[in-house]
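Just below is one structure, and these are the notes that go with it.
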Amino acid sequence: MDVFLGIDTSCYTTSLCLVDSQYGVVADERQALSVRAGGRGLSQSEMVYQHVRNLPALTENLAPYLTGNTIRAVAVTDKPRRRADSYMPAFLSGLGCARALAAVLGVPLYRISHQENHLLAVLRTAGHIDGTAFRALHLSGGTTELLLARPDADGLDITRTGGTSDISAGQFIDRVGVALGLPFPAGKAVEELSRGCLADAAGGAVWSSGGEISFSGREAELQRRIAAE
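In the numbering used here, the protein residues as written are 8 to 236.
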């Protein structure tokens with residue numbers, strides 16, 4: 008069977024995935040990066056170090072799935088967004104691994120941005136990639152953006168039409184979560200903590216103007232409330 012290898016080394020997970028020609032997942036190997044207790048993230052150099060350490064073991068874990076299967080192409084995330092000025096060192100870890108594997112295997116290498124990957128994964132899951140322009144709300148650890156996306160020969164041509172003027176929704180949740188003593192990234196732990204919670208959540212609203220929203224004021228308010236407890 009023909010399979011295709013995808014590699015992503017972003018914040019805060021090293022990920023490798025094999026899919027078949029029908030986009031079915033054959034294998035999914037990932038390892039979260041380690042953040043010290045109380046920490047609110049990692050430096051790029053630390054991310055690169057941990058990705059480089061994770062990639063060999065995750066690649067070895069794929070070996071059993073290659074019996075009877077043949078890798079026909081390698082795809083990798085090489086930048087945050089499809090722009091000339093978009094750059095993040097963490098992606099160089101995966102890019103180096105992907106280039107080496109593609110060269111040894113003699114297969115094509117496809118480079119795509121992290122943001123395009125987010126949107127294409129949603130479209131593929133929904134079974135809807137037909138060349139029509141669409142709007143998307145990109146919510147991830149470091150991004151909160153309203154987008155207009157137009158499929159093209161290279162992936163997606165994306166225009167930002169709104170978003171946050173300061174920190175993202177993910178950063179807001181992580182910072183409040185860490186202040187509560189939860190591990191970083193805090194999204195999953197905050198979700199678990201909030202289930203069944205009947206406490207009054209009233210407080211300052213998130214500021215919004217001209218298609219831009221701001222979480223920094225709300226974060227500062229919650230940090231003060233947590234510190235006062």
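We treat Cβ as the ideally placed atom computed from N, Cα and C, and that holds for glycine.
The DSSP-derived three-state label of residue 158 is strand.
Excluding residues up to 5 positions away in sequence, 21, 38 lie with their Cβ nearer than 6 Å to the Cβ of residue 61 in the same chain.
With contact defined as three or more Cβ pairs closer than 8 Å, the stretch 146-154 and the stretch 164-184 are in contact.
7 Å or more divides the Cβ of residue 169 from the Cβ of residue 82. Straight through space, the alpha carbons of residue 225 and residue 162 are spaced by roughly 36 Å. By the neighbour-count criterion, in which 16 or more other beta carbons inside 10 Å mark a residue as buried, residue 16 falls on the buried side.
Distances from the CA of residue 233 to each of 188, 19, 158 were compared; the closest alpha carbon is that of 188. Here the C-alpha atom of residue 48 lies approximately 16 Å from the C-alpha atom of residue 197. Burial is judged here by how many other beta carbons sit within 10 angstroms of a residue's own beta carbon; residue 140 has fewer than 16 and is exposed. Nearest neighbour of residue 120 by Cα position, chosen from 27, 78, 85, 102, turns out to be 85.
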